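In the working numbering, the protein residues as written are 15 to 150. Backbone N, C-alpha and C define an ideal beta-carbon position, used for all residues, glycine too. Source: prediction; values computed, not measured. Step one of this worksheet: look at the structure below.
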Amino acid sequence: MEMELLVATHNEHKKEEIQQILGSDCVVKSLTDYNIHEEIVEDGDSFHANALIKAKYCFEKTGVPSLGDDSGLAVESLDGRPGIFSARYAGDHDFAKNIEKVLEEMQGIKNRKAYFITVLCYYDDNGAQYFEGRVH
């Protein structure tokens, strides 16, 4: 029997990537497939919290095991900023402005260490399971 997984996204490319990774034993669905169009408010205080918010919302809405994610850039010398605010650091989803703001804040700072983090939260009847990846 095939497992079904609801991914908390409207991004069809993301859905297809996850489908490729999981293979034919799992049918990956998106929010669009379930006709869910309301915005899921990511108001958590961490990547884990935001991933949980999305996964739990989807599971509670459909009863289907769900996957939520959150990701961003963490700069050591900026105490982890932009962090969970990466997409809106300098405004609403403007990548160039976000990078410009980070670089402005880092003027005169020698430590340029940073990492990209992604947290996935799988949610089903048994609760939440987290998976975290970092690229330094």
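Under 8 Å between C-beta atoms of residue i and residue j
| i | j | result |
| --- | --- | --- |
| ASP84 | GLU56 | yes |
| SER91 | ASN125 | yes |
| PHE61 | VAL133 | yes |
| ALA22 | SER100 | no |
Three-way DSSP call (helix, strand, coil) for residue i in this model
| i | result |
| --- | --- |
| THR23 | coil |
| ALA110 | helix |
| ARG95 | coil |
| LYS43 | strand |
| TYR71 | helix |
| ALA104 | coil |
| VAL78 | coil |
| SER60 | coil |
| GLU18 | strand |
Where residue i falls, given that 16 or more other Cβ within 10 Å makes a residue buried
| i | result |
| --- | --- |
| GLY77 | exposed |
| ILE98 | buried |
| LYS127 | exposed |
| VAL149 | exposed |
| ILE123 | exposed |
| ALA69 | buried |
| ILE35 | exposed |
| ALA110 | exposed |
Distance between beta carbons of residue j and residue i, contact taken as under 8 Å
| i | j | result |
| --- | --- | --- |
| GLY86 | ILE131 | 6 Å |
| GLU26 | LYS43 | Actually they do not touch by this definition, with Cβ atoms about 11 Å apart. |
| GLU16 | ASP39 | 6 Å |
field: Segment contact flag, the segment 133-147 with the segment 60-78, C-beta cutoff 8 Å, min 3 pairs
entry: yes
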